[in-house]
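Chemist:
Residue numbers (the working numbering), protein chains in the order written: chain A, 1 to 194; chain B, 195 to 388.
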C-alpha cells in the first residue's frame, strides 16, 4: 500500500471498528444458571492469570455475579452461532436460559460452564471496578477446560479451534479465517527502514 | 455436535486459548514516538468511550505513557503482519521504531498514529490500575480515524476490513475469515429447548 493513497478522516465513531472474540458468560442468578453473550473481555495479568469483563449495569447477570463471586467464560463454536446470539438477545429477567446448554461445574459451584463450547474458563471474582454504565469484573482464572479433540501434545490444537468473532459495533459475526503467519517469528525477517 | 461425544478435561493452561485482535500501541517515550504490539485490550465503557490496555511493566512504553497521558491504538492490515510482529519483538529501549511507519497526529500531540493502519484510536489516559506484573491503562477515546476506503455511508465497511487476530497464547496469526451471520439477528430464529 502506498501511503499517499491513504486518506485519513475523523470518523466520529464512538465505538471503533474492532474484531472481538465472542464469548458466553455463565453465572448463577437467583440460584439458577444464567448465560449472556459478551465481547468486552480480555486478559489483564499472567501470574496469577486475571481476566477482565466489562458488562452493562443493566444486565440481569451483574447482581448474581456480585453475590456468588464466580463466573465462567465459554467460547462457542461456529455451529453454536444461533444460540449464542439468542442468549445475547434475551434477558434472564424474562427468559430462562438455563436449559439451552449442557452444563458442568468445576471447583466453583456457582460458575456454570457450557459443555458444547470448545474452551471454558472458570473464574473466581476477585475485584470490581465500577464505571458509570458498566461493571468491570476482574476474575482470577481457576481452571481452563477444553475437549480432548482440541488438544494435541498438551497444547491447544489451534487448527481445530472453531470460534468466531464479532465486529464491533454491530457485527456481523465472522469466522476465523486462514493461517496468516507465525507470531513472534514472522517479524524476524522484517528489514527495518532505518 | 452430540454432547455425549464431548470429553471435557482440565487443561492447566494458564492463558486460555483465545482469538484476540492484534493492535499496535503508539506512545511518546523520551520525546520520541514508539510502537509496540499488543493483544490485551478491549472496551470498558460506551459513553464516554473508554478502552483498557494491560501491558507488562517491563515494557519500555509504560513510563512514556504515564508521563504524556496519551496513546494510540492502531489496527494493522494483513499486509503489515511482518512489521507488526517486528515492533512486538524488539524493545524501544534497544531499537528506534519511530521510522517504521508514516506517523500522523490528531488533537493529542503525544499520541502518534500509524497512517498505514486501517483504524486509529486516539486515547487520552484517564486512569491506571496497577497489578503485580502489568499496568492496566484506561484511555478515553478522543477520536477514531480511518481511511475513506473503509467507510461506506458513514459506517465502517466491514467487508474491506482486513485486520488479523492472534491466537493466545503463542499465535499463530490468523486472517479474519468468511461471513458467518448477522449479530443481534441470527438468534431470532433460534428455537429454545425449553
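Ideal placement from N, C-alpha and C gives every residue a C-beta, glycine not left out. Model, not experiment: these values are computed from the prediction.
1) Within a Cβ cutoff of 8 Å, which residues of the same chain sit near residue 113 (chain A), ignoring the five residues on either side of it in sequence?
2) Quickly, what does DSSP pair residue 283 (chain B) with across the bridge? List them, please.
3) In chain order, what residues of the same chain have a beta carbon less than 8 Å from the beta carbon of residue 322 (chain B), not counting five sequence neighbours either side?
4) Determine the direct distance from the alpha carbon of residue 213 (chain B) to that of residue 387 (chain B), and round the result to whole angstroms.
5) In chain B, which residues lie with their C-beta within 8 Å of the C-beta of residue 78 (chain A)?
6) Report back the beta-carbon spacing between residue 377 (chain B) and residue 86 (chain A) to the nearest angstrom; my notes put them in contact at under 8 Å.
7) Which term fits residue 163 (chain A), buried or exposed, when burial requires 16 or more other beta carbons within 10 angstroms of its beta carbon?
8) By the three-class DSSP mapping on this structure, what secondary structure does residue 231 (chain B) have?
9) Which residue comes first and which comes last in the beta strand (DSSP E) that contains residue 314 (chain B)?
10) Measuring CA to CA, which of B:263, B:289, B:207 is closest to residue 222 (chain B)?
11) With burial defined as no fewer than 16 other Cβ atoms inside 10 Å of the residue's Cβ, what is the status of residue 294 (chain B): buried or exposed?
12) Is the beta carbon of residue 235 (chain B) less than 8 Å from the beta carbon of residue 42 (chain A)?
13) First and last residue of the alpha helix (DSSP H) that includes residue 256 (chain B)?
14) Within the continuous beta strand (DSSP E) that includes residue 140 (chain A), where are the two ends?
15) Taking 7 Å as the cut-off, is the C-beta of residue 318 (chain B) nearer than that to any heavy atom in the ligand FMN?
16) Start and end of the beta strand (DSSP E) containing residue 27 (chain A)?
17) Can you tell me the Cα-Cα spacing of residue 233 (chain B) and residue 216 (chain B), whole angstroms?
18) From the beta carbon of residue 221 (chain B), is the nearest beta carbon of chain A less than 8 Å away?
19) Strictly under 8 Å for the Cβ-Cβ distance: is residue 246 (chain B) near chain A by that measure?
20) Within 10 Å of its beta-carbon, does residue 188 (chain A) have 16 or more other beta-carbons around it, so buried, or fewer, so exposed?
21) Shortest alpha-carbon distance to residue 181 (chain A) belongs to which of B:359, B:379, B:372?
22) Under a CB-based cut-off of 8 Å, is residue 171 (chain A) close to chain C?
23) Could you say which of B:258, B:335, B:243, B:242 lies nearest to residue 249 (chain B) if we only look at CA atoms?
24) Does the beta-carbon distance from residue 352 (chain B) to residue 15 (chain A) come in below 8 Å?
25) Between the beta-carbon of residue 310 (chain B) and the beta-carbon of residue 141 (chain A), is there less than 8 Å?
26) In chain B, which residues lie less than 8 Å from residue 10 (chain A) when you measure between Cβ atoms?
27) In angstroms with no decimal places, state the Cα-to-Cα distance between residue 46 (chain A) and residue 318 (chain B).
28) Can you give the Cα-Cα distance for residue 206 (chain B) and residue 143 (chain A), rounded to whole angstroms?
29) Does the beta-carbon distance from residue 96 (chain A) to residue 118 (chain A) come in below 8 Å?
30) Should residue 282 (chain B) be flagged as near chain A, meaning a C-beta pair shorter than 8 Å?
31) Based on the DSSP output, what are the partners of residue 179 (chain A) in its beta bridges?
32) What's the call for residue 31 (chain A), buried or exposed, on a 16-neighbour Cβ count within 10 Å?
33) Could you name the residues of the same chain whose beta carbon sits closer than 7 Å to that of residue 275 (chain B), not counting the 5 residues immediately before and after it, in chain order?
34) Starting from the Cα of residue 24 (chain A), find the closest Cα among A:57, A:61, A:44 and give me that residue.
35) Hey, is residue 46 (chain A)'s beta-carbon within less than 8 Å of any beta-carbon in chain B?
36) For a contact defined as C-beta to C-beta under 8 Å, what are the partners of residue 360 (chain B) on chain A?
Modeler: Concretely, from the data shown:
1) 26, 72, 74, 103, 104, 105, 106, 120, 122, 145
2) Partner(s): none; residue 283 (chain B) has no beta bridge.
3) 260, 329, 330, 331, 332
4) Taking the straight line joining both Cα atoms gives about 29 Å.
5) By Cβ distance, chain B contributes 374.
6) Not quite, the Cβ-Cβ distance comes to about 12 Å (not below 8 Å), so this is no contact.
7) buried
8) strand
9) 313-324
10) Distances from the alpha-carbon of residue 222 (chain B) to those of B:263, B:289, B:207 put B:263 closest.
11) buried
12) yes
13) 255-262
14) That run of the beta strand (DSSP E) goes 134-147.
15) This structure does not include the ligand FMN; it has no bound ligands of any sort.
16) 23-29
17) 5 Å
18) Nearest CB-CB separation between residue 221 (chain B) and chain A: not below the 8 Å threshold.
19) yes
20) exposed
21) B:359
22) In summary, chain C is missing from the structure at hand, where the protein chains are A and B.
23) B:258
24) no
25) No Cβ-Cβ contact shorter than 8 Å links residue 310 (chain B) with residue 141 (chain A).
26) 300, 337, 338, 339
27) 26 Å
28) Taking the straight line from one Cα to the other gives about 6 Å.
29) no
30) yes
31) B:368
32) exposed
33) 358, 367
34) A:61
35) yes
36) 183
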